[in-house]
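Trainee: Chains as they are written, first to last, in the working numbering: chain A, 1 to 376; chain B, 1001 to 1376. Cβ coordinates follow ideal geometry from the N, Cα and C atoms, glycine included.
2 protein chains.
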Amino acid sequence: MNFKISKTRFYEALQTAARAISPNSPVPALSGLLIQAEGSQLIITGSDADISIQLVLSNDTNKDLELSIMEEGSVVIDYRYLLEIVRKIESAEVNVEIIDGTLSRISAGKVEFKINGYRPEDYPPIDFKKPENQFEIKTSDFTEMIDETSFAANTKDTRLILTGVNLKSDGEHLICTATDSYRLARKILNINVPAFNVTVPAKSINSVRAVFTDPEAALNVCLDDKKVMFTDGSIVMVSKILDGSFPDTDRLIPSQFSYSLLINRRALISAVDISSFIKNDNMMIVRMQLNNAEDITISNKSQEIGEYHQELIAEKYEGEPLDISFSGSYVIEAARTMSEDNILIKFTGDMKPFIITNENGDDSLLQLVLPVRTYN
Amino acid sequence: MNFKISKTRFYEALQTAARAISPNSPVPALSGLLIQAEGSQLIITGSDADISIQLVLSNDTNKDLELSIMEEGSVVIDYRYLLEIVRKIESAEVNVEIIDGTLSRISAGKVEFKINGYRPEDYPPIDFKKPENQFEIKTSDFTEMIDETSFAANTKDTRLILTGVNLKSDGEHLICTATDSYRLARKILNINVPAFNVTVPAKSINSVRAVFTDPEAALNVCLDDKKVMFTDGSIVMVSKILDGSFPDTDRLIPSQFSYSLLINRRALISAVDISSFIKNDNMMIVRMQLNNAEDITISNKSQEIGEYHQELIAEKYEGEPLDISFSGSYVIEAARTMSEDNILIKFTGDMKPFIITNENGDDSLLQLVLPVRTYN
């Protein structure tokens, strides 16, 4: 293998592929980037076995690539060394050449490195074949949906299926759901896609924004029961699907409400956030006492640290007085996904889940939070 | 105690005093800020026993302070809670009041905190009396001198005296020296100050830049054999002095040289830095082979990772060919303190210390590095 390439374009491609790599992979070759020079194409692959990213570079499709392949071949080089060298080289062009087995020469001007690589045969085979079930979506629509939901996924090692984000289609709607069983986030997009139901690891799906950086570009999503593939034509990202079935969460979402609060979103977030240092068992439990729109109290206390309270005025409150406690960080994270000045919080009781939506009550984006029992 | 104060000015003062606090102090009260309201003054103190910072705030000397003391008194409040509350309060003014023993009410508008404090009697007494030996220096001259030297101090637990920065005066010069016994940094300023010789913990002296933020202001330095005190009139910082005598380093600095290299500073730093990932026993050992000005080679290798070399052209080289190895990071750190385009490196032999100065050979700023033995 022997090729020359634009330093800048090469560095960008290496960076993107390296996003899939886990620094401490048990498979040594997976700490490397697989570089293949074939015909007029340079193929760069990074993977941690769960997620894999591949870029196919050629002068036809990549601007300013200045790729020139003198000899075909392939090698695997540790991503840290490769990124460090190419980032720091002060030259427009970089030359990469296998000189002996896996020993690779990376050079530019008067700078020369000889780096020990891995054999491409030791790199695990990765299936980049496109699954048949597919749809297109604007990249920003997809990443926005992920930002609005994936934070609610389970981050603990328990109930593996809940560490994923569920993507489901009934043919007319794309429904994205994440839950850690104490709160739930759901986004529904009206989009005509074939029916499917898969759960993708949150870590994989959170990488989409970093890898596909043009918000206006069309993102192609292909899936089957084994994997999901994202591509914009030049970058391909493949992730495994989680085994098991995602719980039917729709039945958890109440439809009848006895209390309803319309409140300024920023004011509520600030009133909860300012007391975030007051914790019990490392959790910020915030109490909300609702009497009427002019008499809403947020409070929080801990034996050790002290106590806090703030009075808020709501836009509107309907219902009997209510005294309810919840995880402050759950409510902050939920409220932050909303875009309007005011949010609508609808309750069914002091120990029943409540839901948060935008002011207009449109539940295409819905956040659900379970209250916490306290003994105030 | 009961006072009102501008939120912004109060927050700035708390931040400055909190710089002295170590998060995990064995003395519980030292995780707090001591707040004393006396007459028309508010005194704020932070300390970790080694360094202490005190601010005396009053409407006479502090602009926009809006201080109004309704009742004298004092309390100690955990710096994390206090900073967090005052930072997040959305109000121009904050009210602090002791309501019961050490329970303190911090409030603004409709926000109210009641925080458990510590008793001022539990706060260790700190001596802020001015030592007699003193001099004045422009703040930027002092902090620049520290930046040019303190990085060379010992960061390990061995030879405690070398973890400090030595400040010495012969009456006409202020001499600042730091060394970890493998490299040394020395800066000499022409300034008429009384004779003294003290070694200040590097951590303390490195805080000066963060605490005294006006580079043009005069910095008053007072010292005796127990402590050093820095003040700009409104902020006072006191640090302990290290016990023991700092080694006489002047005799280590060679005065006769057999080889002399004048080279572009940035080019040398880049040529060394690009190979920083090639390490042996976690050290970047760089080899420099000097033949003549047109034939300078920098190289670096490790069995595991691979090897690197780059050819450099110097401005000037005088002496026989020389083959020398050194810690790459020591040379980078030393070269970074220089300000001119070219630096002058003078050698006495492949296993003797070499010195780095600015192009003009002026050794008021001098960096010394010990070579490393290798078996290339």
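Ordered along the chain, which non-local residues of its own chain (more than five positions away) have a Cβ less than 7 Å from that of A/V272?
Mentor: Excluding residues within five positions, the ones whose Cβ falls inside 7 Å are V286, I298, G328, V331, I332.
Trainee: Anything in chain B within Cβ reach of A/N116, meaning under 8 Å, just list it in chain order.
Mentor: E1304, I1305, G1306, listed in chain order.
Trainee: Go to B/Y1079, then tell me how far its alpha helix (DSSP H) extends in each direction, as first and last residue.
Mentor: Its alpha helix (DSSP H) spans residues 1079 to 1088.
Trainee: Short of 6 Å in beta carbon distance, which residues of its chain neighbour A/Y259, apart from the five on each side in sequence? Order them along the chain.
Mentor: Excluding residues within five positions, the ones whose Cβ falls inside 6 Å are G319, L322, F347.
Trainee: Where does A/N133 fall in DSSP's three states?
Mentor: Reduced to three states, the DSSP call for A/N133 is strand.
Trainee: Could you pull the start and end residues of the beta strand (DSSP E) that A/T297 belongs to?
Mentor: Run containing A/T297: 295 to 302, per the beta strand (DSSP E) assignment.
Trainee: What first and last residue would you give for the alpha helix (DSSP H) that runs through B/I1205?
Mentor: Its alpha helix (DSSP H) spans residues 1202 to 1211.
Trainee: Measuring only the C-alpha atoms, how far is A/M338 from A/D362?
Mentor: One C-alpha to the other measures close to 11 Å.
Trainee: For B/R1019, go through chain A and note every residue whose CB falls closer than 9 Å to its CB, in chain order.
Mentor: None at all; the shortest Cβ gap to chain A is about 19 Å.
Trainee: Which same chain residues end up closer than 6 Å to A/I126 when comparing Cβ atoms and leaving out the 5 residues on each side of it in sequence?
Mentor: Taken in chain order, the residues that qualify are S47, S52.
Trainee: Could you list which residues in chain B have their beta carbon closer than 9 Å to that of A/I85, in chain order?
Mentor: What A/I85 touches in chain B: I1274, S1275, F1277, Y1308.
Trainee: With 16 as the cutoff for other CB atoms within 10 Å, does A/S31 come out buried or exposed?
Mentor: A/S31 should be labelled buried.
Trainee: Among B/I1343, B/Q1367, B/A1334, which has the Cα closest to the Cα of B/D1250?
Mentor: Looking at the Cα atoms, B/Q1367 is the closest of the given residues.
Trainee: For B/P1353, I'd like the list of residues in its chain whose CB is within less than 6 Å of its CB, leaving aside the five on either flank, ordered along the chain.
Mentor: Answer for B/P1353: L1368, L1370, listed in chain order.
Trainee: For B/E1093, which beta-bridge partners are listed by DSSP?
Mentor: DSSP, once it has assigned bridges, lists B/S1006 as partnering B/E1093.
Trainee: Using only the alpha-carbon positions, how far apart do B/I1263 and B/R1186 sit?
Mentor: The straight-line gap from Cα to Cα measures roughly 21 Å.
Trainee: Under the DSSP definition of a beta bridge, which residues are partnered with A/V236?
Mentor: According to DSSP, A/V236 bridges with A/Q54, A/T231.
Trainee: Short of 7 Å in beta carbon distance, which residues of its chain neighbour A/L162, apart from the five on each side in sequence? Order them along the chain.
Mentor: Around A/L162: A153, N154, T179, D180, S181.
Trainee: Residues of chain A with a CB under 7 Å from the CB of B/V1111: which are they?
Mentor: I274, Q310, listed in chain order.
Trainee: I believe A/F212 touches A/L223 by the beta-carbon criterion, under 8 Å. Please report the beta-carbon distance rounded to the nearest angstrom.
Mentor: In fact, because the Cβ distance is near 16 Å, the residues do not count as touching under 8 Å.
Trainee: Can you check whether the C-beta of A/A217 is within less than 9 Å of a C-beta belonging to chain D?
Mentor: This model lacks chain D altogether; the protein chains it does include are A and B.
Trainee: Spell out whether any CB of chain B is found under 9 Å from the CB atom of A/I253.
Mentor: Chain B contact via Cβ: absent.
Trainee: When the Cα of B/V1236 is compared with those of B/Y1011, B/M1001, B/I1005, B/R1019, which residue comes out closest?
Mentor: Minimum Cα distance to B/V1236 is reached at B/R1019.
Trainee: Does chain A have any CB closer than 9 Å to the CB of B/D1038?
Mentor: Note that residue 1038 of chain B is Glu in the sequence shown here, rather than Asp. By this cut-off, B/E1038 is not an interface position.
Trainee: Going along chain B in order, which residues have a C-beta closer than 7 Å to the C-beta of A/E90?
Mentor: Result: S1270.
Trainee: Note down, in chain order, each residue of its chain lying with its Cβ closer than 6 Å to the Cβ of B/S1107, except the 5 sequence neighbours on either side.
Mentor: The answer, listed in chain order, is N1095.
Trainee: Alpha carbons only, please: which of A/N197, A/D170, A/R209 is nearest the one belonging to A/I241?
Mentor: When each option's Cα is compared against that of A/I241, the closest is A/N197.
Trainee: Could you spell out where the alpha helix (DSSP H) holding A/M288 opens and where it closes?
Mentor: Per DSSP, A/M288 belongs to no alpha helix (DSSP H); it is in the beta strand (DSSP E), 285 to 292.
Trainee: So does the region 107 to 116 of chain A actually touch the region 1306 to 1316 of chain B, counting three or more Cβ pairs closer than 8 Å?
Mentor: Short answer: they touch.
Trainee: Would you list the one or two residues that DSSP bridges to A/A17?
Mentor: Paired residues: none, contrary to the question.
Trainee: For A/Y81, go through chain B and note every residue whose CB falls closer than 9 Å to its CB, in chain order.
Mentor: Under the 9 Å cutoff, chain B gives F1277, I1278, I1305, G1306.
Trainee: Name the residue from B/Y1317, B/S1022, B/I1343 whose alpha carbon lies nearest to the alpha carbon of B/Y1079.
Mentor: The option with the nearest alpha carbon to B/Y1079 is B/S1022.
Trainee: Around the C-beta of A/E148, are 16 or more other C-beta atoms found within 10 angstroms, so that it is buried, or is it exposed?
Mentor: Buried: at least 16 other Cβ atoms inside 10 Å.
Trainee: Thinking A/I44 and A/L33 are a contact (beta carbons under 8 Å), I'd like their distance in whole angstroms, please.
Mentor: With a Cβ gap of about 6 Å, A/I44 and A/L33 count as contacting.
Trainee: Which residue's Cα is closest to the Cα of B/V1228: B/G1244, B/P1201, B/I1356?
Mentor: Out of B/G1244, B/P1201, B/I1356, B/P1201 has the C-alpha closest to the C-alpha of B/V1228.
Trainee: What do you get for A/M288, buried or exposed, if any count of 16 or more other CB atoms within 10 angstroms of its CB means buried?
Mentor: A/M288 comes out buried.
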